[in-house]
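Below you'll find the structure, written out as structure tokens, and then a few comments.
Numbering (our numbering), first residue to last: 12 to 134.
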């Protein structure tokens, strides 16, 4: 049944990074395909953290492979690790990881972090 929802682009299934038996099993995380669906389905209970991650995944899934790393929120193209958060998000979770970045919401021009809104300009 979940394949129909994926084909209809209602949900996005994310699996752990790498090739293992776990990728044949259930997905590690399930996101709605885009943030508009969250507001349409649950107008009073949208979670801001989930909206950030949904937006990030929706923007990068167009041209990149997305998976879930052991540390951080997303791995892009088996190479880059991203941690997603709000205004006070620090790089503590990924500072020891090469090719890691922090993406933040609620900051227009953050220093040493990537503003989430910039990803909306990708296409």
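The beta carbon of each residue, even a glycine, is placed where N, CA and C say it ideally should be. None of the values given here were measured: they were computed from a predicted structure.
*asked:* residue 133 and residue 71 - do their beta-carbons sit closer together than 9 Å?
replied: yes
_When 65, 86, 66 are compared against residue 75, the one with the closest alpha-carbon_ = 86
_Whole-number beta carbon distance between residue 125 and residue 111, since they are thought to touch under 8 Å_ = Taking 8 Å as the upper bound for CB-CB distance, residue 111 and residue 125 are not in contact here, some 11 Å apart.
*Thinking C-alpha only, which one of 88, 120, 105, 90 is nearest residue 98?*
120
*Where does residue 88 land, buried or exposed, given buried means 16+ other C-beta within 10 angstroms?*
exposed
*Are residue 64 and residue 50 touching if we call contact CB-CB under 9 Å?*
no
*At what residue ranges does the region 30-93 contain a whole run of the beta strand (DSSP E), taking only runs of 3 or more?*
40-43, 85-87
*According to DSSP, what are the bridge partners of residue 123?*
BP columns for residue 123 are empty, so no partner.
*Could you give the DSSP three-state label for residue 129: helix, strand or coil?*
helix
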